[in-house]
Structures are given as structure tokens and as C-alpha cells.
Amino acid sequence: MNHASTRILKKIVPNQFCVKAQFGQIINMYQRARASSARIFGLMDEPSRLAEDPGAEDLTVGDGDVVYDDVSFGYDDETIVEDVDFAVEGGETLALVGPTGAGKSTVLKLLLRMYDVDEGSIEIDGQDVRDVTLKSLRRSIGYVGQSSYLFYGTVRENITYGTFDATDEEVREAAEAAEAHEFIQNLPDGYDTMVGERGVKLSGGQRQRVTIARAVLKDPDILILDEATSDVDTETEMLIQRSLDRLTEERTTFAIAHRLSTIKDADTILVLEGGQIAERGTHDELLDNDGLYAHLWGVQAGEIDELPQEFIDRAQERTARIVEEADTDDD
Ligand code: ADP
């Protein structure tokens, strides 16, 4: 608060000290709400501009089956996602892989209804996402992303964000499941340690585990993992992978991954290229196919010498395009 507003407060309110404290709290709460709604959910960082159908009912999730029926979508005139058609059975894991810009995030933004499909439909347990309340839709979907943002608050508050009535015991259990309890205990004030901007700085892997604990506690019917184990050392990655395996078990999960080793056990892998499904199958089926997935797998396994020239040409073209786009953005 600046001096002028403090002076005004002093004049109009006798007990300005108390009001100042409340004012501070309100500003703090506002800032937290703003930061959390704007930045926690990587994918969800674009506010939905969609109107809700006045007759919309809450989504009720049973098995958690998700069906994309010939979905096409473009942010403007250009089609970004074309004829995407798949079904995920409740409890299964579907992985989306493919080059940067292929449309993986866009496909999942449509599930969260950040945008509406131009053609086709998306249903969760037979309910079109356009017919249900946005609140119930977002409540049913948990998100663990690569830009694991923590707001300024205690570790406990960061874990309970989105779940208001959790007990300390439940928070601790969620942290244990996320392999986060041990490091949290070693922080200066344990679960009461202030983190986020101005707070104790946590490493990328620690932040990620706090957000995984948040997802464990929220216990959503559907989970989106957005390359959840990037940017951490091998040991931390192992811990995170272990906690994610627990989290995704028996829960419909969508995983976007660049490192294919993290999704090779997925029930179905969709390979997207240019907004379309280029291939689909299990890891073994796709390796047998010897298509884009098999080549990407080869690159990551270090078999660069064995790649067909056509694949290298396409990769070079794509990289050049991305560099060009970045240059244009800078202008
Ligand atoms: P991926 O997740 O596979 O990297 P994205 O779904 O993020 O791909 O992007 C697919 C295409 O959509 C890219 O060409 C990207 O530039 C474009 N795109 C993504 N978000 C927006 C947006 N908010 N407005 C316009 N174009 C977008």
C-alpha cells in the first residue's frame, strides 16, 4: 500500500492497523488466486472464453470412458487438429506423441474445453463436454504439467489447492504417494514452509512432486500428464515416475511425452503429425510398424546411423520451420 492510501485509511478508520492487516490479507489472497488461476495449470493458462449452456448439468463420471468422434479444430482459419478419432476406456492410459507443433496440447485443450471443437464431438461417459458445467468438467480432470508453478503460500496450501477440506493426515498421505514427504519434512518449517515467489526455492523436481501430491489429493477421475518428468536428474525422475505410476493406475490418463521411455507402457499410443493421427497402437505394435514412432524411438535410443534419409530430411524441414517461426515471432 502506498503512503497516500495509508494516510486516507488513517483518516477514515480509527483502527487502521487492523484494517491494514485485513487489506494486506485480501491483496495477498487476490494475488494468490490470480497467480494460481493464471499459471498453475500450464495447459489451462488460457482463460476459457466459452459460454456455458444455461441448461448445463454437472458431469458425472463413472468408468471414465473418453471418446473423440472425428474431431477437427483450428484456432483461426487454419485447421490444427483434423479428424481425430479415438476412444479410451476408463482406467486406461493414452499417450500422445509426435513432433512439436503436431497438435498434442491442442487435442487436450479441447477435452478441458478451453476451446470448442469445430467439427465432431468429445464425450466423457457419454456426456458431450459442451453440455456439462465447466466447473464440474475441470473438477473431474487433474493436471500435472511441466511448468509446475507454486503460488506464494505454504507447502500445505499448495498441496490442498483445489481440495478445500483435506486433513493434515490426508495431505501427508498425498505427499508420501508423490514421494515428496521426505524432502518436505526437511524444509525449515516442514509443511508450513512458505514456497513460491519470495518463499523457499524448491528445485524443479521438488516442485513437480508438490503438484503431483496436489493431483493425488484431488483424486480426479481423469488425469492429464504433460511431459511430467522433464528437466530433472535420473534419480528424481525415477521417484517421480514411481509416484506417477501409482497416480495413473486405474484412472483414465492422457500423457503427452517427448521422451518415449516414459510412455512405452501406455495402453494406446497415438502418433500425431500435422494435426492428424499418423499411427496408433501399443509400443510393440508401433515398433513393428517401422513408421514415425519407430524412427523417433530409434533417435532416442541413439540409433541415428540407421535412420532413413527421408526421416532426417523431414526432421530438418520441421526444425527449419520452427526456427523460422521463432524468428518471425521475434520481429
Ligand atoms: P504440440 O503440443 O504438439 O507441440 P500444439 O497443440 O501446442 O502442439 O500446437 C499445434 C499448433 O497450434 C502449432 O502450430 C501452434 O503454433 C498452434 N497454436 C497453439 N496454441 C495456439 C493458440 N493459442 N493460438 C493460435 N495457434 C496456436
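Each residue of the sequence shown is one higher than the one before, starting from 12 at the first, in my numbering. The beta-carbon is built from N, C-alpha and C at its ideal position, and this holds for glycine as well. For clarity, every value in this text was computed on a predicted model and none was experimentally measured.
Host beta strand (DSSP E) of residue i (start-end)
i      : result
Val77  : 77-84
Gly292 : 287-292
Tyr154 : 152-155
Candidates the options, of which the one nearest residue i by Cα
i      : options                        : result
Asp232 : Glu180, Glu296, Glu260         : Glu260
Leu234 : Ser83, Leu122, Glu134, Tyr172  : Leu122
Phe84  : Ile223, His269, Thr71, Val95   : Val95
Leu298 : Leu198, Leu61, Gly309          : Gly309
Gln219 : Met205, Ala186, Ile135, Ala277 : Ala186
Lys115 : Ala226, Arg253, Thr104, Gly286 : Gly286
Leu107 : Gln311, Thr264, Tyr160         : Thr264
Asp129 : Thr90, Gly156, Arg149, Arg209  : Thr90
Pro65  : Gly156, Thr71, Thr144          : Thr144
Glu100 : Asp200, Asp203, Asp278, Asp88  : Asp278
Thr293 : Asp301, Asp276, Glu284, Gly302 : Asp276
Glu238 : Leu250, Glu296, Val155         : Val155
heavy atom of the ligand ADP below 7 Å from residue i C-beta
i      : result
Ser254 : no
Ser116 : yes
Gly109 : yes
Ile91  : yes
Ala113 : yes
Tyr86  : yes
Status (buried if at least 16 other CB within 10 Å, exposed otherwise) for residue i
i      : result
Asn169 : buried
Pro110 : buried
Asp324 : exposed
Ala191 : buried
Phe175 : exposed
Met125 : buried
Thr178 : exposed
Gln311 : exposed
Leu228 : buried
Glu246 : exposed
Lys120 : buried
N- and C-terminal bounds of the alpha helix (DSSP H) containing residue i
i      : result
Val72  : Neither: Val72 is in no alpha helix (DSSP H) and is coded neither H nor E.
Phe194 : 192-196
Gly131 : No alpha helix (DSSP H) contains Gly131, which is instead part of the beta strand (DSSP E) from 130-135.
Val182 : 179-188
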